[in-house]
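Below is one structure, written out as structure tokens; the observations come after it.
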Amino acid sequence: MESITAHLAKIEDLILRIEDLLEGSRPVAFSNKVSVDKGKVYDLIDELKPYLEDIMNDLPDEIVKAKRVVADSEKILDDARSKSDLMQRTAKTDIEKRISEHEISKKAAIQADAIVEDARKFAKELRGNALEYADEMLQKVEDTMKEAMSNFTKSVRAAEAAFSDTADLIFENRQELRGTERK
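Going by numbering that gives the first Met the number 0, 44 is the number at position 45 of the sequence shown; the sequence numbering is gapless.
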């Protein structure tokens with residue numbers, strides 16, 4: 000499956016081919032209008048449609064990837080919490096074993112507090128890193144989607160303008176033909 004960027008490049012190429020078709024069309028005598036081969040315009044439009052459909056189909060894949068990144072970051076956070084809990088339980092057990100000895104229990108309490116604090120710092124740092132990673136991934140997906148939407152909108156506007164200009168020109172040509180027949 001091709002990327003959205005590749006599809007947008009092909010859409011832009013087709014729009015340029017439509018412009019070339021208009022530029023290369025035969026001028027209508029005594030006017031600034033041209034005669035366009037309707038079949039060629041429809042052929043180019045038919046080539047354009049699958050790329051637009053592929054872009055619309057590819058967008059959900061990008062969203063699924065973003066959800067995976069969020070799920071992965073949640074798994075990392077869960078692992079960090081589990082490690083923190085284990086470290087706290089280990090520290091608590093260690094403290095209970097040493098409580099009977101006065102001098103040793105003081106040292107153990109200090110050490111246990113340090114272990115718990117280290118575990119909290121580690122969990123907090125790990126959580127921050129996971130959130131930062133998830134945010135970066137989501138930012139990339141968001142930027143890609145915004146760029147794709149912008150390019151898609153520009154391409155659609157350009158195509159609409161070209162089609163509108165072509166339709167206006169065809170209408171004007173028809174009006175001129177009708178006016179010529181009546182004289």
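Where is the CB? At the ideal position from N, CA and C, for every residue including glycine. This structure is a prediction, so every number in the text was calculated from the model and none was measured.
Mapping DSSP to helix, strand and coil, what is residue i?
| i | result |
| --- | --- |
| residue 34 | strand |
| residue 127 | helix |
| residue 23 | coil |
| residue 163 | helix |
| residue 149 | helix |
| residue 154 | helix |
Nearest to residue i by alpha carbon, out of the options?
| i | options | result |
| --- | --- | --- |
| residue 40 | 166, 174, 173 and 172 | 166 |
| residue 45 | 31, 89 and 14 | 14 |
| residue 49 | 93, 142, 133 and 10 | 10 |
| residue 34 | 134, 172 and 120 | 172 |
| residue 6 | 176, 151 and 179 | 151 |
| residue 119 | 95, 69, 84 and 102 | 84 |
| residue 107 | 74, 147, 23 and 93 | 93 |
| residue 78 | 19, 17 and 125 | 125 |
| residue 148 | 87, 138 and 55 | 55 |
| residue 160 | 21, 4, 110 and 76 | 21 |
| residue 187 | 72, 82 and 42 | No information on residue 187 is available, as it lies outside the stretch 0 to 182 that the chain covers here. |
| residue 132 | 143, 68 and 96 | 68 |
How is the alpha helix (DSSP H) around residue i delimited, first residue to last?
| i | result |
| --- | --- |
| residue 28 | Premise fails: residue 28 is in no alpha helix (DSSP H) and is neither H nor E. |
Under a CB-based cut-off of 8 Å, is residue i close to chain C?
| i | result |
| --- | --- |
| residue 92 | Included in the structure is just one protein chain, with no chain C present. |
### beta strand (DSSP E) runs contained entirely in the stretch 72 to 105, provided each spans 3 or more residues
The stretch 72 to 105 contains no complete beta strand (DSSP E) run of 3 or more residues.
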